[in-house]
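As structure tokens, then:
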């Protein structure tokens, strides 16, 4: 009897111990969850403070910019009877370019308003009593100053003045230029952040002067917090951090995040009510507590069934391991290359298919940058896609050319997908799935060639010619390089068809096209069938003299074919007439594709009307370029 009793006592002790351990573990988990919640809130508030500070920096910078322009205009127009009108016109233009400004004004040395963007300015109002006016009058400081919040006499609203001293060229004081920003602008901006219904924020200068408090608290505007803990303690240690305090306005305990700008010294404190943070955490934890109570009840039963549960757990783990192995087998067996790389482009994983598709072992790729070995064009394409992923895109697709170690060139289609960032990850990783699409690319290229090639002559067709024509004219304009157009026409071709038949005519055009292809070999040049028996050649970076040599070579070689054409006197052979027009380098910026075509076409007309079998230039003749118009 003792042994069962001892076992019962041991079981009871074990159950009690397990129960206490469960309570302790649950308490520790909830404590950790609360700390994590506080840390998340603090991080969010610091990011909010930084965002508000950056926005404030931008707004202040945009408010400072018009002041320099006003000062320059004042110096230019000083003493001119229409100076107020010109200053007013400048202010109107600058206000259109600065949407965050409330008003923009110029106050002269006597404190009188000279010009302002406000339509509600009372006449005769003097501003010599304003703190900013007295400051600039009494101090030599010339740079813009962020002043204390004031209630505007123009709009009767709380505004933050950005002011700058006006000095004439002789060094005399000529007043103050003032731009103002509504306090409500920053309050409305803060409302766009989710900090709870009782959230608040504070915007202050680096010396502790309060510029904005949201929700609005007029009694705090312009007061100094320099003696407070935030300025006297926290900001002296670091410019960004968490700050817990009790608000002097509503006595609310708050969790805050602060940030001080390195550009303007502006300090932003964004805060949320600790009570609201706690309530939000309780709302999320309540479900956990409910299930924890159920688990506590089940724990008593689990103590009797732990062996069975352990066995089930082992079976479940074995099943999960089997599924993981099955998944990995499928991934490793994929015919596509599957790789994963971090935000810096360093590969973390590469599937075995890399050997077949890339010609490289996966082990050689892991740990290396995806940009290693790429040519400049490919690297630019990949970096641009990675940048778009960083800026919000979730998937990008690229078509790039890859050279294997054995020299084989293949076309690869790569789909880049951004993985969702985990909570503990500071950067987003990317998965790339790469497949060999060389066959598809080659077929597509063949189709493109067929779509852009004239079936009879095997030259480019008219559609392709028109597209390249516009591009080459624009390039000639941009680079100030010459461009020449040759318009080539088979002489009396209709009579040739009527005499020898259309089959012979087609063969004649094919032979003429073969001559042109043999004479126009440079990659940047274009030879095309423009229509019927009319052919066109574009010679990039070729002046009139060089183009005339090419044209003469074509003309002579066509005549040298000795194709019988009894209706084409006096030679009785097939000949061609060529019109030539050149965009000179110094005039390339003025001519258009239509104008160049018209010149070449007119030159061709003159070549045909003055005897055929010759070359005529659209410009006055030069050595080697006949021009029968002379």
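Numbering (the UniProt record's numbering), first residue to last: 1 to 630.
For glycine and all other residues, C-beta sits at the position ideal for the given N, C-alpha and C.
Let me check understanding here. Comparing Cα to Cα, which of the options lies closest to residue i?
i: residue 56; options: 186, 596, 70; result: 186
i: residue 130; options: 161, 614, 453; result: 161
i: residue 149; options: 140, 134, 213, 100; result: 213
i: residue 385; options: 373, 398, 376; result: 398
i: residue 155; options: 166, 109, 133, 103; result: 103
i: residue 404; options: 123, 413, 357; result: 357
i: residue 499; options: 468, 563, 478; result: 563
i: residue 391; options: 343, 360, 236; result: 343
i: residue 124; options: 262, 153, 281, 437; result: 153
i: residue 496; options: 488, 507, 97, 486; result: 507
i: residue 411; options: 387, 535, 436; result: 436
i: residue 44; options: 346, 269, 285; result: 269
Might you give, ordered along the chain, the residues of its own chain that have their beta carbon closer than 8 Å to the beta carbon of residue i, omitting 5 neighbours on each side?
i: residue 612; result: 491, 492, 568, 575, 577
i: residue 224; result: 207, 208, 209, 210
i: residue 78; result: 168, 174
i: residue 41; result: 255, 272, 277
i: residue 241; result: 46, 234, 257, 258
i: residue 183; result: 149, 157, 158, 159, 160, 211, 212, 216, 221
i: residue 366; result: 347, 348, 349, 350
Decide if residue i is buried, meaning its Cβ has at least 16 other Cβ atoms within 10 Å, or exposed.
i: residue 4; result: Residue placement at residue 4 is poorly supported in this model, since its pLDDT is 46, which falls under 50; the coordinates are not used for a value here.
i: residue 301; result: exposed
i: residue 471; result: exposed
i: residue 305; result: exposed
i: residue 16; result: exposed
i: residue 175; result: buried
i: residue 339; result: buried
i: residue 113; result: buried
i: residue 82; result: exposed
i: residue 85; result: exposed
i: residue 375; result: exposed
i: residue 244; result: exposed
i: residue 147; result: buried
i: residue 291; result: exposed
i: residue 382; result: buried
i: residue 218; result: exposed
i: residue 115; result: buried
i: residue 337; result: buried
i: residue 533; result: buried
i: residue 31; result: exposed
i: residue 293; result: exposed
For residue i, which residues from the same chain have a beta carbon less than 6 Å from its beta carbon, with the 5 sequence-adjacent residues on both sides left out?
i: residue 619; result: none
i: residue 418; result: 389, 394, 428, 430
i: residue 572; result: 566
i: residue 588; result: Its pLDDT being 47, under 50, residue 588 is placed unreliably by the model, and the measurement read from it follows with that caveat. Only 476, 477, 480 meet the Cβ criterion.
i: residue 206; result: 265
i: residue 312; result: none
i: residue 468; result: 526
Rounded to the nearest angstrom, how far is the Cβ of residue i from that of residue j, given a contact under 8 Å?
i: residue 517; j: residue 528; result: With a Cβ gap of about 11 Å, residue 517 and residue 528 do not count as contacting.
i: residue 63; j: residue 101; result: 6 Å
i: residue 177; j: residue 166; result: 6 Å
i: residue 351; j: residue 334; result: 6 Å
i: residue 438; j: residue 544; result: Incorrect: roughly 44 Å between the Cβ atoms, too far for contact.
i: residue 145; j: residue 135; result: 7 Å
For chain D, find out if any of its Cβ atoms is closer than 8 Å to the Cβ of residue i; answer yes or no.
i: residue 58; result: This model lacks chain D altogether; it includes just one protein chain.
Cutting at 7 Å between CB atoms, please list the residues of its own chain near residue i, excluding the five before and the five after it.
i: residue 274; result: 253, 254, 255
i: residue 457; result: 509, 510, 513, 529
i: residue 190; result: 52, 201, 214
i: residue 13; result: none
i: residue 540; result: 472, 483, 524, 525
i: residue 324; result: For residue 324, the predicted model reports a pLDDT of 42, less than 50, meaning its position is unreliable and no value from the coordinates is stated.
i: residue 48; result: 193, 195, 257, 270
Kindly provide the ranges of any beta strand (DSSP E) runs that are 3 or more residues long and lie completely inside the region 87-151, ordered along the chain.
103-107, 113-116
Kindly provide the ranges of any beta strand (DSSP E) runs that are 3 or more residues long and lie completely inside the region 483-550, ordered along the chain.
483-490, 526-531, 534-540
What are the start and end residues of each continuous alpha helix (DSSP H) run of 4 or more residues lying completely inside the UniProt domain "PAS" (323-402), in chain order?
354-357, 362-365, 376-390
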